[in-house]
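Engineer: One structure coming up, written as structure tokens, with questions to follow.
There are 2 protein chains.
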Amino acid sequence: MKAPESPISVIPEPVPAVDEVDTSYLETLMGYNATRASLKVIELFTKRMAVYELRHVDFSILSLITHNPGITSRQLCGVLGILPPNLVGKISIMEKRELVSRRPHPQDGRAVGLYLTETGAKLMADAERTATALEDDVTQKLSATEKKTLMRLLQKIYL
Amino acid sequence: MKAPESPISVIPEPVPAVDEVDTSYLETLMGYNATRASLKVIELFTKRMAVYELRHVDFSILSLITHNPGITSRQLCGVLGILPPNLVGKISIMEKRELVSRRPHPQDGRAVGLYLTETGAKLMADAERTATALEDDVTQKLSATEKKTLMRLLQKIYL
DNA sequence: TATTGTTATACTCTATAACTATA
DNA sequence: TATAGTTATAGAGTATAACAATA
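So this is what it looks like as structure tokens:
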């Protein structure tokens, strides 16, 4: 039953203000959760890597060269999902900083193998220590088991 | 014991080619795993949302307006980690497409409340159905329990 | 004095087309 | 003909400074 109309006109809050934002729907989406987590980690990563003048993608590139000496640009692009034209400039800068060197590929005359210089190897030894230390900070709220589970489940999404 | 030097100079593969890329170190890092998973989901999300002419951030904005009518730009920026100058253009485009309308905030004369138009509400009803359907595809390799666990652990990282 | 929304602007990231040299 | 690497370029995303209107 409807209440009788009041003779005095009361505006019943026609445009209510939002006090607390409801994010419950977005939080049901894998893309939202994975992206928010990713951005949170990258944010801290960027800060800690600033001392080495490395962005998170630069770190991934140098880390792959570290563990795969002689890797080609194509292989880097394939693994990291970077387009070739966007890798060229990054490698050039790293070469100018004398972190990497380029040598002809042993079999394929079109390709170029990438290698760390001594300077690059020293930088990456420090940078990988920093990255590994960062792990403990970003997974602070997770137990060792939970961390392992999270890694495994994330890989089930992208592999 | 060292083999005696051969009188014939044999080059012992000085620059070996990389056949399969070793990504095992990167896979121990939370940032790498979360980012790869995030990009994988966003890639598919972008394709499926193209029909609505929505990027994944546009979808998040409209979804928050859907579930929080009257939300302000500041609140959107706070929740999604967008900077105010970068939101202005997006909202303008959505207004031109007649998906959202802007009305003065009931209490704060500086602020503007954001609302879906009828067109916007219809579009988002379809878009959210598409997003929910996408969930099943990206979590194909996960059981219902695993999916729930993954969501919970990701939130432990970013919340 | 602080905050909301905005403009202008610069820098980075991402994407496409087209070229060269080699396979 | 196809592939590796490169150049040029356009578009999208992200960053800071500065301003008007309002709190």
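Sequence lines, in order, name chains A and B. UniProt numbering applies: residue 1 is where the first sequence begins, and numbers increase by one. UniProt numbering applies: residue 1 is where the second sequence begins, and numbers increase by one. All C-beta atoms, glycine included, are put in the ideal place defined by N, C-alpha and C.
Name the DSSP bridge partner or partners of residue 113 of chain A?
Structural biologist: In DSSP, residue 113 of chain A forms a bridge with A/103.
Engineer: Please list the segments of the beta strand (DSSP E) lying wholly inside the UniProt domain "HTH marR-type" (27 to 159) of chain B, counting only runs of 3 or more residues, in order along the chain.
Structural biologist: Entirely contained in the UniProt domain "HTH marR-type" (27 to 159) of chain B, the beta strand (DSSP E) runs reaching 3 residues are, in chain order, 100 to 104, 112 to 116.
Engineer: Count Cβ pairs between the region 101 to 120 of chain B and the region 63 to 76 of chain B that sit closer than 8 Å; are there 3 or more?
Structural biologist: Output reads yes: the region 63 to 76 of chain B touches the region 101 to 120 of chain B.
Engineer: Given a threshold of 16 other Cβ atoms within 10 Å of its Cβ, counted over all protein chains shown, does residue 152 of chain A qualify as buried or as exposed?
Structural biologist: So residue 152 of chain A ends up on the exposed side.
Engineer: Starting from residue 153 of chain B, find everything on chain A with Cβ-Cβ shorter than 7 Å and list it in chain order.
Structural biologist: In chain order: 142, 146, 149, 150.
Engineer: Between the Cα of residue 47 of chain B and those of B/91, B/83, B/93, B/131, spot the shortest distance and give me the residue it belongs to.
Structural biologist: Comparing Cα-Cα distances from residue 47 of chain B to each of B/91, B/83, B/93, B/131, the minimum goes to B/131.
Engineer: Starting from residue 42 of chain A, find everything on chain B with Cβ-Cβ shorter than 7 Å and list it in chain order.
Structural biologist: Here the neighbours are 31, 35.
Engineer: Which bits of chain A does residue 156 of chain B rub up against, with CB to CB less than 7 Å?
Structural biologist: The answer, in chain order, is 141, 142.
Engineer: Would you be able to state if there are at least three C-beta pairs under 8 Å between the region 26 to 37 of chain B and the region 75 to 91 of chain B?
Structural biologist: Counting Cβ pairs under 8 Å, fewer than three are found: no touch.
Engineer: Return yes when the Cβ of residue 76 of chain B is within less than 8 Å of the Cβ of residue 61 of chain B, no when it is not.
Structural biologist: Contact flag set, yes.
Engineer: So, is residue 34 of chain B buried or exposed, given that buried needs 16 or more other C-beta atoms within 10 angstroms?
Structural biologist: With 16 or more other Cβ atoms within 10 Å, it is buried.
Engineer: Report the residue from B/31, B/110, B/99, B/158 whose alpha carbon sits nearest the alpha carbon of residue 52 of chain B.
Structural biologist: The candidate whose alpha carbon is nearest that of residue 52 of chain B is B/99.
Engineer: Express the C-alpha separation of residue 54 of chain B and residue 21 of chain A in angstroms, rounding to a whole number.
Structural biologist: Straight-line Cα distance between these residues: approximately 22 Å.
Engineer: Taking its Cβ as the centre, do 16 or more other Cβ atoms sit within 10 Å of residue 125 of chain B, making it buried, or is it exposed?
Structural biologist: By the neighbour-count rule (16 or more Cβ atoms within 10 Å), residue 125 of chain B is not buried but exposed.
Engineer: Please tell me whether residue 86 of chain A has its Cβ less than 8 Å away from any Cβ of chain B.
Structural biologist: False, the Cβ-Cβ gap to chain B never drops below 8 Å.
Engineer: Going by alpha carbons, who is nearest to residue 104 of chain A out of A/73, A/43, A/45, A/96?
Structural biologist: Of A/73, A/43, A/45, A/96, the residue nearest in Cα terms is A/73.
Engineer: So, is the C-beta of residue 73 of chain A closer than 8 Å to a C-beta in chain B?
Structural biologist: With 8 Å as the cut-off, residue 73 of chain A does not count as an interface residue toward chain B.
Engineer: By the 8 Å beta-carbon criterion, what residues does the region 17 to 28 of chain A contribute toward chain B?
Structural biologist: Correct list: 17, 18, 21, 22, 23, 24, 25, 26, 27, 28.
Engineer: Determine the direct distance from the alpha carbon of residue 95 of chain B to that of residue 86 of chain B, and round the result to whole angstroms.
Structural biologist: Looking at the two C-alpha atoms, the distance is approximately 15 Å.
Engineer: May I ask you to report which of helix, strand or coil DSSP gives residue 18 of chain B?
Structural biologist: Residue 18 of chain B: coil per DSSP, three-state reduction.
Engineer: Find the nearest neighbour of residue 159 of chain B within the set A/38, A/17, A/18, A/49, judged by alpha-carbon distance.
Structural biologist: Here the closest residue by C-alpha is A/38.
Engineer: Give every residue of the same chain whose Cβ lies closer than 7 Å to the Cβ of residue 134 of chain B, excluding the five residues on either side of it in the sequence, and list them in chain order.
Structural biologist: If we look at residue 134 of chain B and ignore the five residues flanking it on each side, its Cβ neighbours are 44, 45, 48.
Engineer: What is the rounded straight-line gap between the Cα of residue 108 of chain B and the Cα of residue 71 of chain A?
Structural biologist: If I take the Cα positions, the gap works out to 58 Å.
Engineer: Report the residue from A/123, A/149, A/50 whose alpha carbon sits nearest the alpha carbon of residue 142 of chain B.
Structural biologist: Of the listed residues, the one whose Cα sits closest to residue 142 of chain B is A/149.
Engineer: Name, going along the chain, the residues of the region 44 to 65 of chain B whose beta-carbon falls closer than 8 Å to a beta-carbon of chain A.
Structural biologist: The region 44 to 65 of chain B vs chain A, Cβ under 8 Å: 45, 56, 60, 63, 64.
Engineer: Which same chain residues, not among the five before or five after residue 120 of chain A, have their C-beta less than 6 Å away from its C-beta?
Structural biologist: Counting only Cβ-Cβ distances below 6 Å, and skipping sequence neighbours, we find 99, 100.
Engineer: Could you tell me if residue 89 of chain A is buried or exposed, where buried requires 16 or more neighbouring beta carbons within 10 angstroms of its beta carbon?
Structural biologist: The residue in question, residue 89 of chain A, is exposed, as its Cβ has fewer than 16 Cβ neighbours within 10 Å.
Engineer: So, with DSSP's three-state summary, where would you put residue 24 of chain B?
Structural biologist: If DSSP states are grouped into helix, strand and coil, residue 24 of chain B belongs with coil.
Engineer: Which bits of chain A does residue 138 of chain B rub up against, with CB to CB less than 7 Å?
Structural biologist: Neighbours of residue 138 of chain B on chain A, chain order: 30, 157.
Engineer: If distances are taken between C-alpha atoms only, which option among B/91, B/111, B/31 comes closest to residue 59 of chain A?
Structural biologist: The shortest C-alpha separation from residue 59 of chain A is found at B/31.
Engineer: If you draw a straight line from the C-alpha of residue 18 of chain B to the C-alpha of residue 84 of chain A, how long is it?
Structural biologist: Straight-line Cα distance between these residues: approximately 18 Å.
Engineer: What's the call for residue 139 of chain B, buried or exposed, on a 16-neighbour Cβ count within 10 Å?
Structural biologist: Buried, since its Cβ has 16 or more Cβ neighbours within 10 Å.
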